[in-house]
Structure formats: structure tokens, C-alpha cells
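Undergrad: Have a look at the structure that comes next, please.
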Amino acid sequence: MAMLTSGLLRPVDAAHAIDEGALLRYAAEHVAGFPSPAQGLFLTQFGHGQSNPTYCIEVSAGGGVTRRYVLRKKPAGAILQSAHAVEREFQVLKALGTHTDVPVPKVFCLCTDASVIGTPFYIMEYLEGLIYPDNKLTGVTPAKRKIICLAAAETLAAIHKVDVTAIGLQKYGRRDNYCKRQVERWERQYLSSTGEGKPARYQKMLDLARWLKEHIPKEDSSTGFGTGLVHGDYRVDNLVFHPTEDRVIGVLDWELSTLGNQMCDVAYSSLPYIIDASSDSYSYGGFEYTGVPDGIPSLEEYLTVYCSISARPWPAANWKFYMAFSLFRGASIYAGVYHRWTMGNASGGERARSSGKLANAMVDRAWDLISRENILREQPAGGMHVSKGSWQEFQREHEGSISTKDEGKFVPSGKVMQLRNKLMKFMEDHIYPMEGEFYKLAQSTSKWTIHPEEEKLKTLAKREGLWNLFIPLDSAARAREILFEDRPHNSPESSEELLLGAGLTNLEYGYLCEIMGRSVWAPQIFNCNPPDTGNMEVLLRYGTKEQQKQWLVPLLEGKIRSGFAMTEPLVASSDATNIECSISRQGDFYVINGRKWWTSGAMDPRCQILILMGKTDFSAPKHKQQSMILVDIKTPGVQIRRPLLVFGFDDAPHGHAEITFENVRVPATNILLGEGRGFEIAQGRLGPGRLHHCMRLIGAAERGMNLMVERALSRTTFGKKIAQHGSFLADLAKCRVELEQARLLVLEAADQLDRHGNKKARGILAMAKVAAPNMALKVLDMAMQVHGAAGLSSDTVLSHLWATARTLRLADGPDEVVELSTTLRLALITVFHIPSPTNIIFVFSLPTSTFSKYPPAFMYITYLVMLLFGAAATASLTVVKFPLPSLATTKSAAGKPPCCCCSRRRSVAVTHDGNPLRRTRP
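In the working numbering, the protein residues as written are 9 to 930.
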């Protein structure tokens, strides 16, 4: 039977009386909006629940208005250590209420001063709603029972999807080894509640603790997917439902909440199927004993709903453990309640009297489950889809999910916003003020040395958690498995874990990389500078354990730097099949001969390792000739010939070198992935590398915009500020439009790279690679123009940012090569974004003289199509057929094939079933 919240109130138990005057004074001072002066206070106590005493405060506000609040406090007297932590309840409720949509009551204040009313307490919002204390949902219609249970599953999934880092709860507990620690904790608590002078111990309970310790699931040691916020006591009677709507408006009783293995919550919420803790009968039989009431979903259906909403794998493999553990924990809790009842300070009234009996019944039920061969199907029989993958397979896909109030495709999560704010402050406090000093050294005779402040800033960046942010989740997971497999598990705050970044996706890193791009000096301070990021990514993805330990670890630590040697001066290296550098196998060594240039990073005195691309087999298929190999820069035969200048900038101490390799012998174990795998590695490296360049360019353009506006607001020309000239405002608006367009394109590329991988995202990556440099050049050019002659000098960062942006129209592939053709192909698909199993046919049946009547973007695409197909695609009579999937055919409006240029029939797009579709302009 449902009860209103107010129906659970009763007079305050004499053992739980508090000083109402002191409470009133404290609340008036610390609770926002609390009536002051209050005309009266009436205190009652909630009778439901067995733990922290909970009260309803009713205050007369005048004019016949009464306001209600809820007070929750620690019980008086001796209590078990770490139990009844109302401080933690307040912390989690405040974080959830402020940052997420998880339904919780609003908290107003926390009082840790026990002198006020005897014990610490907090005050929160009163929720008038429905509570269902009976697991059978007696008196509720079958249809409503189902809705209640599904709402409970949905709310639990919402709790489990919260990003605890984003809401400031990352230190609320340890994610790993939750079950192991919980078994030990509840065993200790049981021992503290029973024994000499206390209720008798039950031997089967001690045996159950031993069994659980021997059967901890392997997944319990994970800190990834499936771990996070755990409620600890999640059940229907801890939920408040809206009085008239079928939805949860409040999740109560967070006393046992922490971080850990979330499947424990699911199992605990499933206990009514196994045992009826609200029953006064001897058997305490659950739904499997009494039958599932009409409308309540079966256990399998309940789990299916939860797994589907939360994207969790089906838990059959370890379900026996989780259920036995939930019964074990429940038994320990009820044993503690019974012990408090014997001492006279249990808050549950007469219900606490039978809690000792219930504790032993839970132990018996646990052993009954353990004795069974199977207690859950290997897969659900039907209904909603649940993936059959293991928990490991879900970890990469779903880690970092978030449920916040401002969700959106490109709205940064709370976690990212915290890092972003920290990064921006670091830039303001440390990077921008030091730019002048860095430039002075770079223009001096000591240019190829390291400024002493750089290492200090690196140490500070590590301490701030802003180190190696570029490392994606999957690469970090592989490195962790390889590098730290022989070591005990480390906490997320350990030095080894910090080397592997903050666990960001490419999209999440995009918001941070953009900030670094605002200064040419910033990326190296955070160990996020090219080519080191690309080289570390290569070693993370493709390096052997020995290669990673020798070269990756010092790179991750920032102790050394690296270079990437691919481009050659004597061939068009934009087509990497042209490279001529040879890598010849001679016994246990490879011998390298060739000349490379634009090897960025090689001039740095800390550079110790090069990743070189050359040919191991000149007779192999075209794209199987190339290999990549690690070369110690100190190897005999490696000669740095000269630093190269970029529009007069040598980028010291980083630099770009021309290097010769003359009979350079390196161990055969230095080969990466194997002979003939160079292109495979290059493609894996290029996607994230190009994207990082684009992200930094967005930041460079943003810096240019800021400097431009500052200049325009401070300089006067022809009687008014530059910012007041209409031409400036028009140009500024155009720059802002193009910058925001490019930013969204880059974020979309990052998102697709995360979701679909490098190969499927190559089209959008190519588009971003073309758009970002051109946009940045335009914005920076205007910024220099507004600065006048100063914009061309080294007195501002603009000329250096512009030079860097210009190089990126060539670096990692010039616009005209792969990018333009890939972008065009994607553009053609996008113009006719119509799902269909047939091939696409483009019809250009208008003479050249009419091109001016059509939108320029469409005409430009038409022109590019003609360039691709040459004489076969003329403007006067053309039917061009592309073998592309998922696009539409065209017919004339009369249903006949398109005819020659003399026809004026307009062609329309149709689907494969013949229905016309609206064609949108590009």
C-alpha cells in the first residue's frame, strides 16, 4: 500500500528528543529562506527506516503558511566506526542535486558541531510524495506496479551513469576492489555487533564471509566501466514517487553510498525476488517463494531493463556472488540494527525487534543460492536487447559517460570543464607571462638550450593533473596492461596512472588542446606537443613491451623528446610511396641509408629517439614496401645537417632538422609492428595527429581574435576607435562565423574518431584538416592587419602563429592531395544525403551559360566533379555514375531518364521506391 511521506510521521521517540530551541536558532541562521522570526516549530519523526534518525521540521511562516524541512542526524550513543556518516550523505546529495538530473532532495546546510543538538546533522528539502514500504506493492494495480519497478530500474541506471569526476566526487571512495573491501568491512561490523555480551553469532555467517572472499569476481579489480557511484541501499522503499505522476522525485538514504562495483547495487535492489525483508513470517520468502505479484516484472525482466538503459552487460557470470554478497551485507546491517535495539537506540521502533531473526534468514537464503547450479539464464530469454559482451568489452565504449543538466552533443562534461578551467588559469598565471622570456632565449646565441623555467612549469603541470591529456582511453588501457602488469593495482592518483593521462576521449581532449594552441610554447609544458604526441601514440598502440619501457616511459615522463623522420628533400613526400630511404636487414640489425628533412623536434637537445619511415622491400606491393623503425639519435651515422627555417622562424629549441643517415645500424628489435607495416602505422598516427593540429589551430585563431579586439578597442584612427569602424565590425563577424564553423567541424571529427575509428572518420578528418588552417590564416591575417606594422613583427605572437598555421596546410599532407579528394567525395555524399540501396547518378543537364543562376557551392562541387572525371564529365551533357552506397538515383519529373542539354526538364531526387525527396542546397 502506498503511503504519503507525511503518513510516515509519528511523535518523536523520547530516546531521540533534541533541543528544538537550539535547532530553531541554527536553522534560522544557516538555512536559506528559513522563516525568521519563526512563529512556531513542530518536530515529528519518520518511523520508516532503521538507521539515522530522521525528523520533519514544520515551521509557521506567518499568514497561515507552513514550511517543512527534513533533518537527518547521527544516532546518539556509541556507534560503529565509519557508520552513520551524515557528512558523506550531505556531500553526495549536494553534488547530485547541483550537477545532475538524478532525483534527490535539495540539501541546505550541514552541521558538524555536535553541541547544537547532540550529534552532527544536515537539513534538506521535504518531499511530499508516495513511498511504497511493501515490496509486493500491495493495493497497487498491476499496470502501476510495472511502471514503479521500471522507474526504479531507470533511476538506478541514471545514478550509475553519473560521471563522479565531473561532479567533484572522484575522491568519494575507491573504485577498485569494492567487493573485497565490502566483505571485510561487513564482516568486521558483524563481529562488532555480535559476540560476548551482545547477540549471539551465527556460524553460517562467518562461513559465508569466507566463501565470498574466495569468489570475488575478476571484474571487481577494475576501475573502469561498471564502477562509479554506488548508492549502497537501493530499494523501492527508499524512493519517493510523485503524488500524481509515475516518476521518482527523490532517492533517499545515501548513508552507505561510495564508489565501487555498481552491480552490487543492482543485486541489492533485486533482493525482494529472493527474500521478503518486510515480512513477519518465519520463512521470509521472496517472490520466487510466494510468486511474483501481477504486474511486477520477473527478475530477468527487471535486469533486462536496467542493462538496456545503462548499457551494462548481462550479469549472469557472477550473479550468484552478487546476490550472496547482498544477502551477507543485509544480514550484517540487520544484525547491527538488532544490536542497537538491544541497547535502546535503534530508530526503527518495533520493526527493529525482529531484525536479528531476519539477519539469520538472509544468511540461510545466501547458502541456498550458492548450492544451486545456476540462478540466472546465460542470456535473457527475450524482450529488450541486452548486449552479450563481457564487462571488459563495454569498458572502452562507455567509460566517462555523464548525466548532467546541460547535456548536448558538444557541451563539455563537468569533468572536462574542470580541467579546462584549470588549464586556462595555468595559461594565464604561467604561460602567457613567460612567453617573452622564452622568445628572448630562442632569439639568443643559446637558442638550442632549454629555459630553466620550462622544467619547473612541467613539474607544476604534473602536480595540477594537466599532464599527457592527449592519451586516449584505449591506448592508455593497452599501456597499463603491458607496462604495469607485474605491479599491484595503482590508484588513479598514483604517479604511474598520471603518466597515462586523464582518461579523455578525443572529443574531450579537443576542448583542452584548443586552449594549449593559444601559445606556441604551451603544448610542451603539458607534454602534449608534436611530434612527441604522435610518436607516443605510435608506441602506445604498436610498440612492444621492451620498446615501451625503453622509449615510451621516458617520453611519458617528459624526460626526453623525439622526432619523426619521413619527409625527404629529393622526392614529393606527400606521396609516401615515393620515399627512397632504405632499411636493409643484415643479420640482427637493420642498416639505414637516406636523407630526411623537416624532422621536427630533432634539434632539441633532449631529443633521443627518432621514428623513421623507409623502405625495407623495394619489390613488394606499393603500400607494403615501407616500414617504421626506432633510431637512437646518437647512433653512429646519424648526422644533423642544419636547422630549417619556417618564414624565418627556427622554432628553437624545438627545431626542424635536415638529417642524413649513412650506414646507420640499429637492432632488428627496433622495427615497429613488422616489415611492410609502415603505411598501417602512418594511417593510425595521422588521424589523431591531424586532429590535434586542427584543435590547436582553433586556439591560435581564438587568441588572434582576442588580440585583434583588444587592439581595435585601444587604437584610434580617423577620429574613432578601430572597433567603431563598420568595415572592422563586418570583418570581425565573418571571422567569428568561420571560426565557430571550423570549431564545430573539428569537434564533429573528434566525435566520429571516438565512435567510428580512424578509417571511417577519415572523410570528416580530411575536411577539418583543410578547413582549420585556412580559417586560422584568415583570422590571424586580419589580426595582423589590425595591428598594423606591429602585427608583422616579433613584438606580438601573431606572426609566429600565422607561420605555424601556414605550415599546417602542408604538414601531415597538403590540402591538394588526399584531403581535397576525400573531402570532395564526402561532400558529394552529403549533398544527396538520401538513404537508398542504389547507386547515385548526378545529372548536369544545363549549359555552361546557366551556371551563374545556381548557388555557388553547388556549382563548385559540379566543377570539381568535372575535374575528377575529365572529358567524361562535361557541362553540356553528362550522366556521371558513382558506385557509392546509401544514396539516391535521379529521374526527370516526368519519370523518364534525363536527356540532353537542350531539354529544360528539371530533375528531382527520388528514393528507390519512387517517392520524390526534397533536395537541400549545400
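Every residue, glycine too, gets a C-beta built ideally from N, C-alpha and C.
(1) Are Cys119 and Val39 touching if we call contact CB-CB under 8 Å?
(2) Go ahead and label Pro539 buried or exposed: buried means 16 or more other beta carbons lie within 10 angstroms of its beta carbon, across all protein chains shown.
(3) Would Gln178 count as contacting chain D if we go by Cβ distances under 8 Å?
(4) On the criterion of 16 or more Cβ atoms from any shown chain inside 10 Å, does Pro225 qualify as buried, or is it exposed?
(5) Would you call Thr725 buried or exposed, if buried means 16 or more other Cβ atoms sit within 10 Å of its Cβ?
(6) State buried or exposed for Tyr330, treating a residue as buried only when at least 16 other CB atoms are found within 10 Å of its CB.
(7) Given this structure, state the Cα-to-Cα distance separating Thr312 from Trp606, to the nearest angstrom.
(8) On a CA-only basis, which of Arg196, Cys521, Thr62 and Lys777 is nearest Pro19? Give me that one, please.
(9) Identify the residues that DSSP records as bridge partners of Gln53: which are they?
(10) Which partner residues does Val639 have in the DSSP bridge list?
(11) How do the region 218–238 and the region 39–50 stand: do at least 3 beta-carbon pairs fall below 8 Å, yes or no?
(12) Does the separation of the CB atoms of Val528 and Leu809 fall below 8 Å?
(13) Looking at the strands, I want to know which residues DSSP matches up with Val78.
(14) Ala628 and Gly707 - do their beta-carbons sit closer together than 8 Å?
(15) Is it the case that the region 569–580 contacts the region 614–631, given that we only count it when at least three CB pairs across the two stretches are under 8 Å?
(16) Please go through the region 651–725 and give each complete alpha helix (DSSP H) segment of 4 or more residues, from N-terminal end onward.
(17) With a threshold of 8 Å, are at least 3 pairs of Cβ atoms found where one atom belongs to the region 314–329 and the other to the region 264–280?
(18) Taking only the alpha-carbon atoms, compute the straight-line gap between Gly181 and Arg96 and give it to the nearest angstrom.
(19) Using only CA atoms, which one of Gly663, Gly595 and Ala709 lies nearest to Arg1002?
(20) What are the partner residues of Pro480, as DSSP defines its beta bridges?
(21) Just verifying my parser: in three-state terms, what is the DSSP assignment at Leu138?
(22) List in chain order: all unbroken beta strand (DSSP E) runs of 3+ residues lying wholly within the region 582–609.
(23) Return helix, strand or coil for Ala573, following the three-state DSSP convention.
(24) Can you give me the start and stop residues for the beta strand (DSSP E) that Asn368 sits inside?
(25) Find out if the Cβ-Cβ distance for the pair Asn246, Leu260 is shorter than 8 Å.
(26) Using the rule of at least 16 other Cβ atoms within 10 Å of the residue's Cβ for burial, across every protein chain shown, is Ala879 buried or exposed?
(27) Spatial neighbours of Gly645 within its chain, please: C-beta separation below 7 Å, excluding the five flanking residues on both sides.
(28) Quick check on Glu28: does DSSP put it in helix, strand or coil?
(29) Kindly list the residues whose CB is nearer than 6 Å to the CB of Ser14, restricted to its own chain and excluding five residues on each side of it in sequence; keep chain order.
(30) Please state if the CB of Leu335 and the CB of Trp283 are separated by a distance shorter than 8 Å.
(31) Report the CB separation of Cys64 from Val78 in whole angstroms; it is logged as a contact under 8 Å.
(32) Where does Phe333 fall in DSSP's three states?
(33) So His664 and Val654 are supposed to be a Cβ contact under 8 Å. How far apart are they, rounded?
(34) To the nearest angstrom, report how far apart Thr804 and Thr812 are at their CA atoms.
(35) With DSSP run on the structure shown, which of helix, strand or coil describes Gly765?
(36) Work out the CA separation of Thr552 and Ile533 for me, nearest whole Å.
TA: Reading off the structure:
(1) Contact flag unset, no.
(2) buried
(3) Reference to chain D is not applicable here, since this structure consists of a single protein chain.
(4) buried
(5) Exposed: under 16 other Cβ atoms inside 10 Å.
(6) With a threshold of 16 other beta carbon atoms within 10 Å, Tyr330 meets it and is buried.
(7) 56 Å
(8) Of all alpha-carbon atoms in Arg196, Cys521, Thr62 and Lys777, the one lying nearest the alpha-carbon of Pro19 is that of Thr62.
(9) Arg18 and Tyr63
(10) Leu618
(11) Proximity of the region 218–238 to the region 39–50 falls short of the contact definition, fewer than three beta-carbon pairs being nearer than 8 Å.
(12) yes
(13) Cys64 and Met132
(14) No, the Cβ-Cβ distance between Gly707 and Ala628 is not below 8 Å.
(15) yes
(16) Fully enclosed alpha helix (DSSP H) runs of 4 or longer: 686–722.
(17) yes
(18) 11 Å
(19) Nothing about residue 1002 can be read from this structure; the chain reaches only from 9 to 930.
(20) Leu512
(21) strand
(22) Those beta strand (DSSP E) runs which fall completely within the region 582–609 and span 3+ residues are 590–594 and 597–608.
(23) strand
(24) Not the beta strand (DSSP E): Asn368 falls in the alpha helix (DSSP H), residues Ser363 to Ser379.
(25) yes
(26) Low per-residue confidence applies at Ala879: pLDDT is 45, beneath 50, and the placement is therefore not dependable, though the value from the model is reported in the following sentence. Exposed is the call here.
(27) Phe669, Glu670, Asn671 and Val672
(28) helix
(29) none
(30) It is worth fixing the name first, because residue 283 is Ile in this sequence and not Trp. Contact flag set, yes.
(31) 6 Å
(32) helix
(33) 7 Å
(34) 14 Å
(35) helix
(36) So the alpha carbons of these two residues sit roughly 27 Å apart.
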